[in-house]
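K.L.:
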Amino acid sequence: MLDWRWDFTFDILPRLIAATGNTLLAAGLGYAIAVVLGLAFALAQRTPYRIVTAVVREAVEFVRSTPLVLQIFFVFYVGPQFGLRLSPWTAGMIAIGLHYAAYLSEVYRGGLESVPKGQWEAATSLNLSTARTYFRVVIPQALPPSLAGMGNYLIGIFKDTPMLSVIGVAELMHTANAIGSETYRFLEPYTLVGVIFLLLSLPTAAGIRLFEAWVRRKLGMV
Amino acid sequence: MSYLEFLAQYGDRILGGTLVTMLLTVLAAVLAVAIALAAGLMRLAPSAPVRGAAAVYIEVFRGTSLLVQLYWIFFVLPLFGITLEKFTAGFVAVGMNLGAYGAELVRGAILSVPKGQWEAALALNMSPAKRMVRVILPQAVLIMLPGWGNLLIELLKGTALVALIAVADLMFQVKQINGTTFLSAEAFGTALIIYYLLARFMLTPFMRWLERFMQRKLGRA
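Encoded structure:
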């Protein structure tokens, strides 16, 4: 039956905490890729070229509706077949970054579409170039309505990092698996992983809500 | 080996895996809807302990990863004397996880049914249960259906994780094929396309049909 061993718990806790650093690093790197790439995907769907729009749209749909864990395997194993070896970290960051870029592009798209047409007309009448209009006028206004979605996906990417364990990225889940197979004890490592995730994601969610409210106040949107 | 030869040789296993994935999706979806309704209604209950229990369930399942929950249910639950077969553990984990997300959807939809509907039901002297089942829920279902469309795609994707506890679904089969043939592009690529087809040409049209069906039912078509 159930026997929780505290001495064992404190034995493995330092290892798990060290791995939490890797989990946070993976989430942060992946998110950084997704934030930039997602914007590129969103902007590519607003070009005057129908073909570009259609291809990017379909690609985003494809990435969004297929499992991340399968994409991770795909990126990791397909490279070597054609003579390109990626480290688990590189493959993992490409897969998770791309996956969340697809999600974030949808968030940005909504934000960009919410910027009133008059802003574009004003920018045109001021003779601003398209690039300048985007970066100085439209994107700054598209950002606040996108914040809620961006925050949700920040927590989402954090919770999806355990999938990186399947290709051997030494994050939390991978470490818990390793401890489990060394000691044949699964109760403590897996429970601790759950608790660590809960302790990190709940305050982050609350923090993001506060940040969002702060931005809205700052911009006089309330 | 050409791609056609690949399909001829491994098509059966891929098809078998796809059927297992579809079965898992249906079972997990039924469980998720049931849990979402129960937890969503509990979140709106007058009694604080009931509301609290539902809130704890929702926060725990939304605050941790599906993979963590799956491993916990499969490896740790037996220590409590509850041993689930791997297939059962798989769809139970996915269903419970997505049920927690669905609960928030149910709660939001019920709250967004116009106040006048609640008052009218009260004025007609309906019992709270009858009011919920006959008046509020049917309208709430229509509000939450688009949200469920997205959740069901998440659910389908979530079932791919059960391959990690060796349930022989599509993901598991292509992983095995990749392990023996090293034809990664063919194996994983085929699976990616099948998941996409399932999401795009089965789940999404089904949800659209369900939305239209409910609209007709409520006389709003």
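Note that the protein sequences, when read in sequence, are chains A and B. So the first sequence is numbered by my numbering: it starts at 1 and just counts up by one. So the second sequence is numbered by my numbering: it starts at 1001 and just counts up by one. The beta-carbon is built from N, C-alpha and C at its ideal position, and this holds for glycine as well. Since this is a predicted model, take the numbers as computed values, not measurements.
#1: If the cut is a Cβ gap below 8 Å, which residues of chain B does ASP160/A touch?
#2: Would you say SER146/A lies against chain B (beta-carbon separation less than 8 Å)?
#3: Which residues bound the alpha helix (DSSP H) around GLY1081/B?
#4: How about ILE1153/B: is its C-beta nearer than 8 Å to some C-beta of chain A?
#5: Tell me which same chain residues have a C-beta within less than 8 Å of the C-beta of THR1083/B, skipping the five on either side of it?
#6: Any beta-carbon of chain B closer than 8 Å to the one on LEU198/A?
#7: Any beta carbon from chain B within less than 8 Å of GLN45/A's own beta carbon?
#8: Ignore the nearest five residues each way along the sequence and tell me which others in MET1214/B's own chain have a CB closer than 7 Å to its CB.
#9: Per DSSP, what kind of secondary structure is SER146/A in: helix, strand or coil?
#10: Please say whether ALA1199/B and LEU1137/B have beta carbons closer to each other than 8 Å?
#11: Whose C-beta lies closer than 6 Å to the C-beta of ALA1121/B among residues of the same chain, with five residues either side of it excluded?
#12: Between TYR103/A and ILE33/A, what straight-line distance do the alpha-carbon atoms span, to the nearest angstrom?
#13: In angstroms with no decimal places, state the Cα-to-Cα distance between GLN1173/B and LEU24/A.
#14: Give me the chain A residues within the contact set of TYR1071/B, using Cβ-Cβ distance strictly less than 7 Å, ordered along the chain.
#15: Anything in chain A within Cβ reach of ALA1160/B, meaning under 9 Å, just list it in chain order.
#16: Is MET1001/B buried or exposed, if buried means 16 or more other CB atoms sit within 10 Å of its CB?
#17: Counting only runs of 4+ residues fully inside the stretch 125–196 of chain A, write out the alpha helix (DSSP H) ranges in chain order.
#18: For PHE1182/B, which residues from the same chain have a beta carbon less than 6 Å from its beta carbon, with the 5 sequence-adjacent residues on both sides left out?
#19: Compute the distance between the beta-carbons of LEU1067/B and MET173/A, then report whether it is under 8 Å.
#20: If you measure between the beta carbons of SER105/A and ALA42/A, is that distance less than 8 Å?
#21: Taking the alpha-carbon positions, what's the MET163/A to ARG1212/B distance?
#22: Mark SER181/A as exposed unless 16 or more other C-beta atoms lie within 10 angstroms of its C-beta, in which case mark it buried.
#23: Establish whether the CB of SER201/A and some CB of chain B are separated by less than 8 Å.
#24: Pick helix, strand or coil for ASN1125/B, following the three-state DSSP scheme.
#25: Please list, in chain order, the chain A residues whose beta carbon lies closer than 7 Å to that of TYR1010/B.
#26: Closer than 8 Å, CB to CB, is MET1001/B near chain A or not?
#27: Rank LEU1031/B, GLU1154/B, GLU1085/B by C-alpha distance to the C-alpha of GLY1095/B and give the top, closest one.
#28: Could you say if the stretch 1157–1173 of chain B and the stretch 1108–1117 of chain B meet the contact criterion of at least three C-beta pairs nearer than 8 Å?
#29: So with CB distances below 8 Å, who are the chain B contacts of MET173/A?
#30: Please report the Cβ distance between ILE155/A and ALA205/A, rounded to the nearest whole angstrom; I am assuming they are in contact, meaning their Cβ atoms lie under 8 Å.
#31: By the criterion of Cβ-Cβ separation under 9 Å, what are the contact partners of LEU13/A in chain B?
#32: Taking 8 Å as the threshold (beta carbon to beta carbon), is GLY1052/B in contact with chain A?
#33: By a C-beta neighbour count over all protein chains shown, 10 Å radius and 16 as the cutoff for buried, is VAL215/A buried or exposed?
#34: Return the chain-ordered list of same chain residues with a C-beta closer than 7 Å to the C-beta of GLY92/A, the five sequence neighbours on each side being excluded.
#35: Could you give the distance in angstroms between the alpha-carbon of GLN1176/B and the alpha-carbon of GLU188/A?
#36: Between the alpha carbons of GLU212/A and GLU1085/B, how many angstroms are there, rounded?
P.N.:
In short, the structure shows the following:
#1: If you number the first sequence from 1, residue 160/A lands on position 160. Per Cβ cutoff of 8 Å: SER1065.
#2: Indexing the first sequence from 1 puts residue 146/A at position 146. False, the Cβ-Cβ gap to chain B never drops below 8 Å.
#3: Here residue 1081/B refers to the residue found at position 81 of the second sequence. No alpha helix (DSSP H) contains GLY1081/B, which DSSP labels as neither H nor E.
#4: The sequence position of residue 1153/B within the second sequence is 153, counting from 1. Yes - at least one Cβ of chain A is within 8 Å of the one on ILE1153/B.
#5: What you label residue 1083/B is simply residue 83 of the second sequence in a count that begins at 1. Cβ within range, chain order: LEU1077.
#6: In the first sequence, the residue the question calls residue 198/A occupies position 198. Chain B has a Cβ within less than 8 Å of the Cβ of LEU198/A.
#7: Taking the first sequence and counting its residues from 1, the one referred to as residue 45/A is at position 45. Output row for GLN45/A: interface = no.
#8: Sequence index remark: in the second sequence, residue 1214/B carries index 214 (1-based). Taken in chain order, the residues that qualify are VAL1141, LEU1142, LEU1145.
#9: Locating residue 146/A in the first sequence gives position 146, counting from the first residue. In the structure shown, SER146/A sits in a helix (DSSP, three-state: H, G or I).
#10: Walking along the second sequence from the start, residue 1137/B turns up at place 137. Walking along the second sequence from the start, residue 1199/B turns up at place 199. Not in contact: LEU1137/B and ALA1199/B (Cβ atoms no closer than 8 Å).
#11: Within the second sequence, the letter at position 121 stands for residue 1121/B. Within the same chain, ALA1121/B has close Cβ partners ARG1131, VAL1135.
#12: As a first step, residue 103/A must be located in the first sequence, where it is residue number 103. As a first step, residue 33/A must be located in the first sequence, where it is residue number 33. Whole-angstrom Cα-Cα distance: 12 Å.
#13: Residue 1173/B sits at position 173 when you count from the first residue of the second sequence. Residue 24/A sits at position 24 when you count from the first residue of the first sequence. Rounded to the nearest angstrom, the two C-alpha atoms are 31 Å apart.
#14: For the purposes of this step, residue 1071/B is taken as the residue at position 71 of the second sequence. Under the 7 Å cutoff, chain A gives TYR190.
#15: Position 160 of the second sequence, counted from the first residue, corresponds to residue 1160/B. By Cβ distance, chain A contributes THR66, PRO67, LEU68, VAL69, LEU70.
#16: As a working mapping, residue 1001/B is identified with position 1 in the second sequence. Burial call: exposed.
#17: 139–160, 172–183
#18: Indexing the second sequence from 1 puts residue 1182/B at position 182. No residues qualify anywhere along the chain.
#19: Reading the second sequence from its first residue, position 67 is the one you call residue 1067/B. Reading the first sequence from its first residue, position 173 is the one you call residue 173/A. Yes. Within cutoff.
#20: Taking the first residue of the first sequence as 1, we reach residue 105/A at position 105. Taking the first residue of the first sequence as 1, we reach residue 42/A at position 42. Against a cut-off of 8 Å, the Cβ pair of ALA42/A and SER105/A comes out as a contact.
#21: Taking the first sequence and counting its residues from 1, the one referred to as residue 163/A is at position 163. Taking the second sequence and counting its residues from 1, the one referred to as residue 1212/B is at position 212. Cα to Cα, MET163/A sits roughly 37 Å from ARG1212/B.
#22: One-based indexing of the first sequence puts residue 181/A at position 181. Exposed is the call here.
#23: Position 201 of the first sequence, counted from the start, is the residue given in the question as residue 201/A. Residue contact with chain B for SER201/A: present (Cβ-Cβ distance below 8 Å to some residue of chain B).
#24: Counted from its first residue, the second sequence places residue 1125/B at position 125. If DSSP states are grouped into helix, strand and coil, ASN1125/B belongs with coil.
#25: Your numbering for residue 1010/B matches position 10 in the second sequence. Per Cβ cutoff of 7 Å: no residues; TYR1010/B is ~16 Å from chain A at best.
#26: If you number the second sequence from 1, residue 1001/B lands on position 1. For MET1001/B, the answer is no, since every Cβ of chain A falls outside 8 Å of its Cβ.
#27: The count along the second sequence starts at 1 and reaches residue 1095/B at position 95. Comparing Cα positions, the closest option is LEU1031/B.
#28: no
#29: In the first sequence, residue 173/A corresponds to position 173, counting from 1. Neighbours of MET173/A on chain B, chain order: SER1065, LEU1067, VAL1068, TYR1071.
#30: Along the first sequence, read from residue 1 onward, the residue named residue 155/A stands at position 155. Along the first sequence, read from residue 1 onward, the residue named residue 205/A stands at position 205. At roughly 6 Å, the Cβ-Cβ gap stays under 8 Å, so ILE155/A and ALA205/A are in contact.
#31: Here the question's residue 13/A lines up with position 13 in the first sequence. What LEU13/A touches in chain B: nothing, since even the nearest Cβ is about 17 Å away.
#32: In the second sequence, the residue the question calls residue 1052/B occupies position 52. Using beta-carbon distances, GLY1052/B does not count as an interface residue toward chain A, since no partner is under 8 Å.
#33: Taking the first sequence and counting its residues from 1, the one referred to as residue 215/A is at position 215. Using a 10 angstroms sphere on the CB of VAL215/A, the tally of other CB atoms stays under 16, which defines it as exposed.
#34: On the first sequence, residue 92/A is found 92 positions in, with the first residue counted as 1. Counting only Cβ-Cβ distances below 7 Å, and skipping sequence neighbours, we find ALA26, ILE72, LEU164, ILE167, VAL169.
#35: In the second sequence, residue 1176/B corresponds to position 176, counting from 1. In the first sequence, residue 188/A corresponds to position 188, counting from 1. Spanning the two alpha carbons is a distance of roughly 30 Å.
#36: As a first step, residue 212/A is located in the first sequence; it is residue number 212 there, counting from the start. As a first step, residue 1085/B is located in the second sequence; it is residue number 85 there, counting from the start. Between GLU212/A and GLU1085/B, the C-alpha separation is close to 44 Å.
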